[in-house]
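Residue numbers (the working numbering), protein chains in the order written: chain A, 132 to 278; chain B, 132 to 278; chain C, 132 to 278. As structure tokens, the structure follows; a few thoughts come after it.
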């Protein structure tokens, strides 16, 4: 497996590794998926809204990943990824249904966030990394949840 | 990337482009994914039921795509695609959880449709298009929804 | 399409064939996806818990697949698959949101199980099969459901 095929597989594996690290609470592993000077932007109010959070450098990502510990379980369920390659750079859009299970007032709750990640990827020393993640929250839903 | 690998990537990109055009309300873009004489069939009552809608030619698709404007937000979340290639033709099954957010009686509602697309693809002038989409609605769920 | 690319496509097709056979109630087809001496383990209580079910040999899988007949409709919706190849063996993790629709007390219910499959694959006579499936149930949700 070489060239564009290998690059596409590696980029999709990067997107999926982010989800796995999030769900397994591997914040250190999650940070290594980003370039040192990465740019991470959150749009909580959907497409075309103002950024609600903007972080520079991968060390700044720690609070984002630590925040996952407020949930008992999360499932970052990935759907389609569309990737456009340009040599050692690439851009992409990835769909994710992020499920967050927690307890509030003695009641089990499930918060689902419907996300699209607009990513810029870069290949450094043979490994694809996130140079930028722009996270668009299209909608969320929070509901009481019984097993 | 050549041959079968390139064809598989292109067909999956076609399936994902349909979802993106739907969610971004790009009806013109969505129509260009179909052959001129495309066949679009909807089975609202699941597998093996009678068609509830049957459209011929891509111009006939406009009302289907316009209907998405009745929702505030949609998320066509794609799961697995199984593709069988035969030269410049291919068939496939693709799973999609289509989420539709709207307001009724002052209440936010979420309608989820669990879909399977049975597609016939054709390669014309180097581009893969939908020659036929048979859309099976396995089930829907409509619920009051809080962010 | 040759080598690693063909193997990756075949393994993903195996994972998706399992879902399709489950949803179409093709128990015989589903069994042929496994090696004769396959090992199937269920962890109903999530990651790191004790196995709640352990089955040896593909004939032992019949009750698992028959159990799907207690539901009116199921949708095994597959997300990301991460695959590590080592010649004619491979391991992988696959996410699945398994939706189960049924009626209880005259009420339509939907049970969603958020699953991760930890698989060992083996290539026998040119075909990839499940040598082992370890099914981790991260969480379930059961709710009354209206169309």
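Heads up, the beta-carbon is just placed ideally off N, CA and C, and yes, glycines get one too.
Exercise for the section: Would you please state the rounded distance, in angstroms, between the beta carbons of residue 266 of chain C and residue 173 of chain C? I believe it to be under 8 Å. Expected result: 5 Å
Problem - chain C contact residues for residue 211 of chain B, given Cβ-Cβ distances below 7 Å - result: 147, 150, 209
Handout entry: Inter-residue Cα distance where the pair is residue 191 of chain C and residue 179 of chain C
Key = 24 Å
Exercise for the section: Apply the 10 Å Cβ neighbour rule to residue 210 of chain C and answer buried if 16 or more other Cβ atoms are within range, or exposed otherwise. Expected result: buried
Practice task
May I ask you to verify whether the region 159-173 of chain B touches the region 217-232 of chain B, counting CB pairs closer than 8 Å and requiring at least 3?
Solution key: no
Exercise for the section: Grab the span of the beta strand (DSSP E) containing residue 215 of chain B for me, first residue to last. Expected result: Counting along the chain, the beta strand (DSSP E) containing residue 215 of chain B begins and ends at 204-217.
Handout entry: Span separating the alpha-carbon of residue 150 of chain C from that of residue 208 of chain C
Key = The straight-line gap from Cα to Cα measures roughly 7 Å.
Exercise for the section: Kindly identify the DSSP beta-bridge partner or partners of residue 234 of chain B. Expected result: B/239
Practice task
Look up residue 223 of chain A in the DSSP assignment and say whether it is helix, strand or coil.
Solution key: strand
Practice task
Kindly indicate if chain C contains any beta-carbon less than 8 Å away from that of residue 277 of chain B.
Solution key: Not a single CB atom of chain C sits nearer than 8 Å to the CB of residue 277 of chain B.
Practice task
Could you list the residues in the region 222-251 of chain A with a C-beta less than 7 Å from some C-beta on chain C, going in chain order?
Solution key: 230, 232, 241
Exercise for the section: Please say whether residue 153 of chain B and residue 199 of chain B have beta carbons closer to each other than 8 Å? Expected result: Yes; because the gap between Cβ atoms is below 8 Å, this pair is in contact.
Handout entry: Under 8 Å (Cβ pairs) to chain A, residues found in the region 179-191 of chain B
Key = none
Exercise for the section: Taking residue 190 of chain C as part of the beta strand (DSSP E), name the residues at either end of that continuous run. Expected result: Looking at the DSSP string, residue 190 of chain C is not in any beta strand (DSSP E), and its letter there is neither H nor E.
Exercise for the section: Quick one: list the residues of chain A neighbouring residue 144 of chain B, beta-carbon separation under 8 Å, in chain order. Expected result: For a Cβ distance threshold of 8 Å, residue set 213 of chain A lies close to residue 144 of chain B, ordered along the chain.
Problem - Contacts around residue 203 of chain B, its chain only, beta-carbon distance under 6 Å, and the 5 residues preceding and following it disregarded - result: 232, 233
Practice task
Output the distance between the C-alpha atoms of residue 145 of chain A and residue 181 of chain A, rounded to the nearest integer angstrom.
Solution key: If I take the Cα positions, the gap works out to 27 Å.
Exercise for the section: For chain B, find out if any of its Cβ atoms is closer than 8 Å to the Cβ of residue 175 of chain C; answer yes or no. Expected result: Residue 175 of chain C is outside the set of residues whose beta carbon lies under 8 Å from a beta carbon in chain B.
Practice task
Go ahead and pull the three-state DSSP assignment for residue 156 of chain C.
Solution key: coil
Problem - Three-state secondary structure assigned by DSSP to residue 271 of chain B - result: strand
Handout entry: Closest residue to residue 253 of chain A among A/244, A/263, A/245, A/186 (Cα-Cα distance)
Key = Of A/244, A/263, A/245, A/186, the residue nearest in Cα terms is A/263.
Problem - Residue burial classification, residue 96 of chain A (beta-carbon count within 10 angstroms, cutoff 16) - result: In the structure displayed, chain A extends from 132 to 278; residue 96 of chain A sits before or after that span and is not available.
Handout entry: DSSP state of residue 197 of chain C mapped onto helix, strand, coil
Key = Three-state result, residue 197 of chain C: helix.
Handout entry: Buried or exposed by the 16-neighbour rule on C-beta atoms within 10 Å, applied to residue 316 of chain A
Key = No information on residue 316 of chain A is available, as it lies outside the stretch 132 to 278 that chain A covers here.
Problem - Coarse secondary structure for residue 133 of chain A, derived from DSSP in three states - result: Here residue 133 of chain A sits in coil by DSSP.
Handout entry: Minimum Cβ-Cβ distance from residue 204 of chain B to chain A less than 8 Å
Key = Flagged as an interface residue toward chain A: residue 204 of chain B, by a C-beta distance shorter than 8 Å.
Problem - Of the residues C/219, C/243, C/195, the one placed nearest residue 157 of chain C, counting alpha carbons only - result: C/195
Problem - Beta carbon of residue 139 of chain B nearer than 8 Å to that of residue 165 of chain B - result: In this structure, residue 165 of chain B does not lie closer than 8 Å to residue 139 of chain B by Cβ.
Handout entry: Rounded C-alpha distance that separates residue 197 of chain C from residue 205 of chain A
Key = It is roughly 30 Å from the alpha-carbon of residue 197 of chain C to the alpha-carbon of residue 205 of chain A.
Handout entry: Local conformation of residue 277 of chain B per DSSP, three classes
Key = coil
Exercise for the section: Quickly, what does DSSP pair residue 250 of chain B with across the bridge? List them, please. Expected result: Among the bridge pairs identified by DSSP, residue 250 of chain B is matched with B/223, B/264.
Handout entry: Under 8 Å between C-beta atoms of residue 217 of chain A and residue 243 of chain A
Key = no
Handout entry: Partner residues on chain B for residue 269 of chain A, Cβ-Cβ distance less than 7 Å
Key = 204, 206
Handout entry: DSSP bridge partner residues for residue 146 of chain A (one or two, in chain order)
Key = Answer by DSSP bridge pairing: none, since residue 146 of chain A is not bridged.
Practice task
Check residue 256 of chain C in the structure and name its three-state DSSP category.
Solution key: coil
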